[in-house]
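Quick note: the sequence shown uses our numbering, first residue 389, plus one each step.
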Amino acid sequence: MADRYLHFTGTPPGRFLTRRLGLPRPAPLRRFGPAATDLGGPVILRTAGRSALDGPLPLDEPLTPDGTAGTEAETPRPAAVVLDATGVAGVADLAAVHSALHPLMRSLAPGGRIVVVGARPSADDHHQAAAQQALEGFTRSLAKETGGGRTANLVRLTSPDPAAAASTLRFLLSPKSAYVSGQVLELTGTAPAAAADPARPLAGRTALVTGAARGIGAAVAEVLARDGARVICLDVPGAGADLERTAGALDGTALPLDITTGDAADRIVAALPGGELDILVHNAGITRDRRLANMSADRWSQVLDVNLAAVLDTTDALLKRGAVRRGGSVVATASIAGIAGNTGQTNYAASKAGVIGLVRSLAPRAAAAHGVTVNAVAPGFIETRMTAAVPLLIREAGRRMNSLAQGGLPVDVAEATAYLADPASGAVNGQVLRVCGQSLLGA
Ligand SMILES: NC(=O)c1ccc[n+]([C@@H]2O[C@H](COP(=O)([O-])OP(=O)(O)OC[C@H]3O[C@@H](n4cnc5c(N)ncnc54)[C@H](O)[C@@H]3O)[C@@H](O)[C@H]2O)c1
């Protein structure tokens, strides 16, 4: 279902009317593609006080020298600013955050990025903890006020090794993160070396995507294949032609299978080349909405079975057999409904909150025992058949109630999934990455 309002606000009468009436003014987002492989401008690196890192932050992009943003007439407008605030250890240090970013706010290009890099709030030093937590409120507020399709996110490093941030900075400083804003990502440990070919970071890897026939799952399969993975596309047997089409278009394999069937894990392993995979994406999901007073036990259990029990069962079975290779990743699909709750969705929100619980608990153990990361994406309002079925007024509210004032596209969730599946993202574990344009729900 096309977002006609977004199109209208890009026309001269649309611009005039929305400005006069104070209506939301969504900016078209620059998404990754052959014509947009980067943000299209220089990145500025600033440091608030003294960095607590062992070395400089790893940035691929063209940097303007620190502190010389130049005037608009002299240099192109910066496309991004990265602020190293890892050394911020007290309230007084926060003044350096203000003075580093304040002068840049008017020059940051539309669609630009603000990335604040902080440290984990200390359990032993409440002054450091207060100052580092302050960065969260600061960044989330910037994300809300910056406008023009710009985003702001906070990355927390738990070790002084800046290499851990490489894949996360690459993602946040690219058009791939267009719909990720107002988020906090905490990185643990050190990342392994980046892939030999940055254009195909998943080359030689095998991925399984559930619910891949259409919507977000089809986009995930497509993006993983673009990044070099061999993809097995799983969906219910009833998805038939759609599944064949998706798998065929990316030279992948179609696996018609209901993920809730008892022997699903056996049949998945049988379909994998060599019986092993590197990337397991749990995307299959359903809704059966009713208020609890009107909800049958069937509607309850259908949703819990597909969205949560099957995710737990297949993950357990594949990890137990050693079918997920070391350096691999599990990416599950939660939802902002699992964070904020939603009327008529007690079953769905319970299942998606359950996914978050699974991820947080399993991640450290899976890393220790299997060398595998476990993360979740939590989509907000994404334009798919699922959201096209939502009544018009609620759909329109869903689209606008976020800082970017528009719905996301399946590819936005797919790019976030590919980032989490990248072996270079080994320092990202146990995270729930919202892909929601900084939705007001559960923010
Ligand atoms: N669209 C959104 O705005 C949104 C928001 C938050 C979360 N999500 C989540 O993202 C995921 C994908 O959503 P979507 O909008 O693309 O949905 P969709 O309905 O378009 O696609 C879901 C796919 O999962 C498949 N599926 C359902 N039950 C299955 C089963 N038992 N076994 C195998 N496959 C099964 C379906 O056949 C379908 O192809 C879901 O987990 C959904 O809950 C979506």
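Backbone N, C-alpha and C define an ideal beta-carbon position, used for all residues, glycine too.
Pairing residue 445 with residue 505 gives a Cβ-Cβ distance under 8 angstroms. Cβ atoms of residue 467 and residue 431 come within 8 angstroms of each other, at about 7 angstroms.
Rounded to the nearest whole angstrom, the C-alpha separation of residue 805 and residue 437 is 34 angstroms.
Here residue 774 has 603 and 675 as same chain residues with Cβ atoms under 7 angstroms from its own Cβ, once five neighbours each way along the sequence are excluded. Per DSSP, the continuous alpha helix (DSSP H) segment holding residue 757 begins and ends at 734-758. Look at residue 394: its beta carbon is at least 7 angstroms from all of the heavy atoms in ligand 1.
No heavy atom of ligand 1 is found nearer than 7 angstroms to the CB of residue 689. In the displayed model, residue 716 falls within a strand according to three-state DSSP. For residue 727, the secondary structure class from DSSP, reduced to helix, strand or coil, is helix. In this structure, the beta-carbon distance from residue 638 to residue 619 falls below 8 angstroms.
Taken in chain order, the unbroken stretches of beta strand (DSSP E) that lie wholly in the segment 650-690 and span 3 residues or more are 665-670. For residue 770, the distance from the CB to the nearest heavy atom of ligand 1 is below 7 angstroms.
In the structure shown, residue 647 falls within a coil segment according to DSSP collapsed to helix, strand and coil. Judged by the Cβ position, residue 773 qualifies as a neighbour of ligand 1 at the 7 angstroms threshold, a heavy atom of the ligand being closer than this. Within a 10 Å sphere around the beta-carbon of residue 623 sit 16 or more other beta-carbons, which makes this residue buried. In the DSSP annotation of this structure, the continuous segment of the alpha helix (DSSP H) that includes residue 784 starts and ends at 780-788.
In this structure, ligand 1 has no non-hydrogen atom nearer than 7 angstroms to the beta-carbon of residue 411. Distances from the CA of residue 703 to each of 425, 828, 747 and 738 were compared; the closest alpha carbon is that of 747. Straight across, the Cα-Cα distance linking residue 691 with residue 500 is about 39 angstroms. Rounded to the nearest whole angstrom, the CA to CA distance from residue 695 to residue 743 is 8 angstroms.
Judged by their CB atoms, residue 668 and residue 718 are nearer to each other than the 8 angstroms cut-off. Exclusion of the five residues before and after residue 617 leaves 590, 593 and 595 as the residues of its chain whose Cβ lies within less than 6 angstroms of its Cβ. It is roughly 37 angstroms from the alpha-carbon of residue 483 to the alpha-carbon of residue 761. Rounded to whole angstroms, the Cβ separation of residue 734 and residue 683 is 7 angstroms, and the two are in contact under 8 angstroms. In terms of Cα proximity to residue 631, the closest of 650, 657, 599 and 658 is 599.
The Cβ atoms of residue 826 and residue 510 lie no closer than 8 angstroms to each other.
Scanning 732, 757 and 583 for the CA closest to the CA of residue 708 turns up 757. Inclusion of residue 575 and residue 546 in the CB contact set at 8 angstroms is warranted, their separation being smaller than that value.
In this structure, the CA atom of residue 776 is about 44 angstroms from the CA atom of residue 435. Contact check for residue 543 against residue 553 passes: the beta carbons are separated by less than 8 angstroms.
Residue nearest to residue 517 within the set 481, 495, 498 and 497 is 481 (criterion: CA-CA distance). Proximity of the beta carbon of residue 730 to ligand 1 is not indicated: no heavy atom of the ligand is located closer than 7 angstroms.
The shortest CA-to-CA distance from residue 523 to any of 536, 512, 503 and 538 is the one to 503.
Looking at 764, 636, 393 and 738, the one whose alpha-carbon comes closest to that of residue 817 is 764.
When the beta-carbon positions are compared, residue 410 and residue 464 stay at least 8 angstroms from each other. A straight-line Cα-Cα distance of about 6 angstroms links residue 705 and residue 653.
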